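Numbering (UniProt numbering), first residue to last: 1 to 778. Quick reminder that beta carbons are idealized off the backbone N, C-alpha and C, glycines included. Predicted, not measured: the structure shown is a model, and the values here were computed from it. See below for the structure under consideration.
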């Protein structure tokens with residue numbers, strides 16, 4: 001029942017509540033089923049300035065609370081105009097850089113205001129704190145001329161007031177239009193509200209109803225007027241204002257023509273933006289801040305359901321750094337426009353979007369537009385073409401399954417007609433999930449892993465559907481079975497083999513992203529690296545099976561072509577391309593497998609001798625079986641590969657029955673093999689050649705890929721040093737003591753955090769093993 005009496009006497013229940021809460025056990029939850037969300041919201045304290053935007057403090061009247069004393073129409077000095085422009089630029093950036101969960105990226109902590117919005121912060125905390133923008137946007141202008149700082153005054157401004165009403169107005173309006181382009185691009189693609197970007201406009205318009213020509217012409221007019229005031233303005237200040245106006249114009253046009261890269265491959269506007277940034281850096285000190293021109297009181301007039309929040313401020317240097325990265329990422333994105341096949345496209349896309357810091361949400365949204373726009377890939381390849389190219393690269397180098405076409409064969413009883421019919425059904429079912437494997441790379445890193453945990457279940461079902469389709473196509477194509485060494489006959493199952501490859505690739509990504517996102521506790525690292533090795537071994541066996549059938553198919557095709565005396569060069573080239581791709585994949589997975597084995601063995605040794613830091617007291621909140629269950633939760637519904645039972649996992653994870661010497665030898669051999677495999681991976685290069693022997697050209701992306709592999713090789717060297725350090729410490733320990741003495745090995749172990757200099761690669765948590773002199777407790 002709700003209390004309605006007006007004679008209720010409140011009393012302080014803090015002590016009573018604290019005493020009752022002290023009797024609860026750790027982890028115990030008390031929940032009243034009648035205490036709903038409505039009651040929870042009603043319990044928020046009213047007239048608290050942190051929660052109530054309409055609260056008036058002592059001595060404040062209504063006018064003082066809602067309005068600022070700043071005179072928006074006052075004449076501005078040139079250096080003040082520069083200062084306001086710079087602060088607006090900083091506000092724009094931080095709307096783009098948000099880490100999942102509402103946290104800023106670690107590399108951008110403490111960053112400034114227009115760029116603050118690009119970092120992912122709400123407009124209410126960034127651009128909409130500007131009193132100048134507030135006057136331009138409210139009330140919503142019906143015509144372009146209405147968007148002025150003072151609606152009631154004439155548009156024929158005096159010459160000495162044009163610095164405010166022409167220059168600053170042009171900059172502010174173009175800034176809003178830039179935000180409109182970004183807002184539209186992000187909203188049209190997959191993104192996560194509050195995590196990546198805040199699209200809330202608070203009942204304000206971003207001038208989307210006006211064409212870009214209005215803003216460009218106004219900027220050109222402002223530039224012309226500024227350059228013509230040689231006598232009135234200091235040369236340095238004039239150049240500073242001019243370069244900011246030009247940057248705004250070029251950035252506006254770059255955002256307006258961002259998708260044009262697909263047609264003309266031109267990134268001239270983004271390159272022009274980069275060329276202007278050096279001028280901004282040189283003139284940074286010329287600006288004079290005008291803090292009164294920005295106020296959080298504007299939030300009280302915005303249509304918002306959240307409490308007032310503080311203004312977000314980032315430094316001008318960090319704002320320019322983010323803008324520079326944004327422009328460079330947009331320029332490098334054009335390297336993906338030249339389609340070089342599904343494998344090259346996926347490698348290039350993943351490499352570009354794995355940069356540290358991760359490209360902004362705008363770049364990732366633009367990438368999604370490139371991937372799929374008007375049901376075409378990169379504006380030139382159909383969904384069916386992409387899927388057929390993938391099958392041709394991987395499992396069907398030259399097959400009637402890809403050549404069959406219903407347009408060529410009109411007789412329904414003809415096997416080719418039926419093959420084409422079933423392959424079209426396959427495309428309708430599989431094309432979109434396959435394209436989504438590309439689009440998933442455009443999400444933030446946390447969401448990539450979360451999405452993969454869902455899609456891997458879908459691919460498990462798709463594999464079973466593909467297997468049924470394979471059995472139907474096998475009969476229609478009259479495929480000959482392959483006799484294995486043990487005498488058994490088997491078929492290739494190309495479509496389900498390809499689906500299984502996709503699923504195993506997602507298995508590896510889920511586990512490896514777990515290391516990058518610091519999901520696993522130190523005591524879990526040994527087990528998770530073992531599981532990564534287990535998945536790699538399964539994947540290698542599957543690739544070997546595909547290779548066996550590819551070689552057999554190549555021999556049959558070449559024999560058939562020789563019998564018909566036909567030119568088989570094209571078919572031979574296609575088979576060689578598939579075999580090269582399979583060999584490349586094998587080398588890469590062997591490198592991952594060997595490195596995972598070595599780290600698994602190293603962590604087993606450290607755990608045996610109680611050298612690992614632990615996340616919590618043993619048994620405080622969980623046990624090993626429960627931790628295993630939660631880590632394997634994404635894989636429990638998967639039918640193939642089957643989930644490893646906990647008992648088997650535990651035996652393998654702790655290398656039960658193996659002595660320290662055997663484990664050390666295992667680690668040493670594996671890390672040696674890993675270094676050789678990563679060197680071979682680097683030597684193979686980034687991209688594969690097409691059937692004509694041409695290599696896909698993407699120099700910037702290729703450089704990033706090489707840096708990633710080299711970082712992994714550095715991690716291999718670090719693991720080698722750690723293994724040798726443990727080996728030496730164990731030898732010294734056995735000489736001076738024994739396990740019966742109870743004395744620990746003189747080593748200190750630290751697991752570097754992701755993002756630290758000691759963590760050479762996010763996916764490889766190589767421990768730092770530091771010898772400690774006897775008697776030194778640190």
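Report all residues from its chain with a CB closer than 6 Å to the CB of residue 130; omit the five preceding and five following residues, and keep chain order.
-> So the list reads 294, once near-sequence residues are dropped.
Using a threshold of 8 Å, state whether the C-beta atoms of residue 497 and residue 395 are closer than that.
-> yes
Around the C-beta of residue 693, are 16 or more other C-beta atoms found within 10 angstroms, so that it is buried, or is it exposed?
-> Classification of residue 693: exposed, given that the 10 Å Cβ count is below 16.
For the alpha helix (DSSP H) containing residue 209, list its first residue and its last residue.
-> Note, residue 209: premise wrong, no alpha helix (DSSP H); not H, not E.
Counting only the same chain and skipping the five closest in sequence on each side, list residues whose C-beta sits under 6 Å from that of residue 731.
-> none
Straight-line gap, residue 352 to residue 705 (C-alpha atoms, nearest Å) | 8 Å
Terminal residues of the continuous alpha helix (DSSP H) containing residue 749?
-> It is not in any alpha helix (DSSP H) - residue 749 instead sits in the beta strand (DSSP E) that spans 747-750.
Secondary structure at residue 482, three-state DSSP: helix, strand or coil?
-> Residue state, collapsed to three classes: strand.
Please classify residue 766: does DSSP put it in a helix, a strand, or coil?
-> Note: residue 766 maps to coil in three-state DSSP.
Is it a yes or a no for the segment 67-81 touching the segment 272-292, going by three-plus beta-carbon pairs under 8 Å?
-> yes
Indicate the three-state DSSP secondary structure (helix, strand or coil) for residue 316 in the structure shown.
-> helix
Cut-off 7 Å between Cβ atoms - residues of its own chain near residue 607, not counting five sequence neighbours on either side = Closer than 7 Å at the Cβ level, and outside the excluded window around residue 607, lie 523 and 526.
Decide if residue 454 is buried, meaning its Cβ has at least 16 other Cβ atoms within 10 Å, or exposed.
-> Residue burial is scored here from C-beta neighbours: residue 454 has fewer than 16 other C-beta atoms within 10 angstroms and is therefore classed as exposed.
Going by the beta-carbon positions, is the gap between residue 365 and residue 195 smaller than 8 Å?
-> no
From the DSSP output, in three-state form, read off residue 434 for me.
-> helix
Could you name the residues that DSSP lists as bridge partners for residue 689?
-> 695
Under the DSSP definition of a beta bridge, which residues are partnered with residue 365?
-> Answer is none; residue 365 lacks a bridge partner.
Does the Cβ of residue 276 have 16 or more other Cβ atoms within 10 Å, making it buried, or fewer, making it exposed?
-> buried
Residue span of the alpha helix (DSSP H) that contains residue 413, given as start and end | That residue, residue 413, is in no alpha helix (DSSP H); it is neither H nor E in DSSP.
Should residue 781 and residue 237 be called a contact, given that it needs their Cβ atoms to be closer than 8 Å?
-> In the structure as shown, the chain starts at 1 and stops at 778, and residue 781 therefore has no counterpart that could be examined.
Cα-Cα, which of 531, 445 and 260 is closest to residue 655?
-> 531
How about the segment 631-645 and the segment 545-554: do they share at least three Cβ pairs that are nearer than 8 Å?
-> no
Answer yes or no: do residue 253 and residue 182 have a C-beta to C-beta separation smaller than 8 Å?
-> Cβ atoms of residue 253 and residue 182: not closer than 8 Å.
Kindly indicate which three-state DSSP category residue 147 falls into: helix, strand or coil?
-> coil
Look at the Cβ atom of residue 484, then the Cβ atom of residue 543, and state whether they are nearer than 8 Å.
-> no
Note down the Cα distance separating residue 30 from residue 10, rounded to an integer number of angstroms.
-> Distance between the alpha carbons of residue 30 and residue 10: 24 Å.
For residue 645, which of helix, strand or coil comes out of DSSP?
-> coil
Can you give me the start and stop residues for the alpha helix (DSSP H) that residue 202 sits inside?
-> Looking at the DSSP string, residue 202 is not in any alpha helix (DSSP H), and its letter there is neither H nor E.
Three-way DSSP call (helix, strand, coil) for residue 271 in this model = In this structure, residue 271 counts as helix in the three-state DSSP scheme.
Using 8 Å as the Cβ pair cut-off and three pairs as the minimum, do the segment 323-339 and the segment 136-156 touch?
-> no
When you compare only the Cα positions, how much space is there between residue 438 and residue 448?
-> Near 11 Å, if we compare the C-alpha coordinates of residue 448 and residue 438.
Hey, how far is the Cα of residue 702 from the Cα of residue 696?
-> 10 Å
How about residue 591 and residue 533: are their beta carbons less than 8 Å apart?
-> no
Which same chain residues, not among the five before or five after residue 772, have their C-beta less than 8 Å away from its C-beta?
-> The residues are 746, 747, 748 and 778.
Write down the C-beta distance between residue 359 and residue 329 rounded to the nearest angstrom, noting that I regard them as a contact closer than 8 Å.
-> Contact between residue 359 and residue 329 holds, with the beta-carbon distance rounding to 5 Å and staying under 8 Å.
Quick one: what does DSSP say residue 489 is sitting in, helix, strand or coil?
-> In this structure, residue 489 counts as strand in the three-state DSSP scheme.
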